[in-house]
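For reference, the structure is listed below as structure tokens.
In this note's numbering, the protein residues as written are 5 to 114.
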């Protein structure tokens, strides 16, 4: 009986540690569309803790489509840095003026 319990625990641990996590981006209705997305790197500590959640950011986009600034407005601090780093590399369609876009990134199992 103890042997089966140990085997079951080992199998469950292996499944939990091999889970894939990802981040899904969702942009609210804004003036511009994203041309190039860079996926965020899931933080190792968040992966170990099986942390999931949504990060919300306000992105100021320059007229040429590059990111001018990224301001977090909500989300777990362990996930915020990864989200900010990725979004700062995104590229939007050009426009005649600067705009602000609301972006939500959901971190969780894929």
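Beta carbons are placed, not taken as given, at the ideal position from N, Cα and C, and that holds for glycine.
Source: prediction; values computed, not measured.
Residue environment, residue i, which counts as buried when at least 16 other CB atoms sit within 10 Å
i           : result
residue 43  : exposed
residue 88  : buried
residue 91  : buried
residue 47  : buried
residue 79  : buried
residue 49  : exposed
residue 109 : buried
residue 105 : buried
residue 84  : buried
residue 35  : exposed
Opening and closing residue of the beta strand (DSSP E) in which residue i lies
i           : result
residue 110 : 103-113
residue 64  : 57-65
Residue range of the unbroken alpha helix (DSSP H) whose run includes residue i
i          : result
residue 83 : 81-91
residue 45 : No alpha helix (DSSP H) holds residue 45; DSSP gives it neither H nor E.
Collapsed DSSP secondary structure at residue i in the structure displayed
i          : result
residue 25 : Residue placement at residue 25 cannot be trusted, given a pLDDT of 44 that sits under 50; the coordinates are not used to answer.
One or two residues paired with residue i in a DSSP bridge
i          : result
residue 75 : 62
residue 96 : 38
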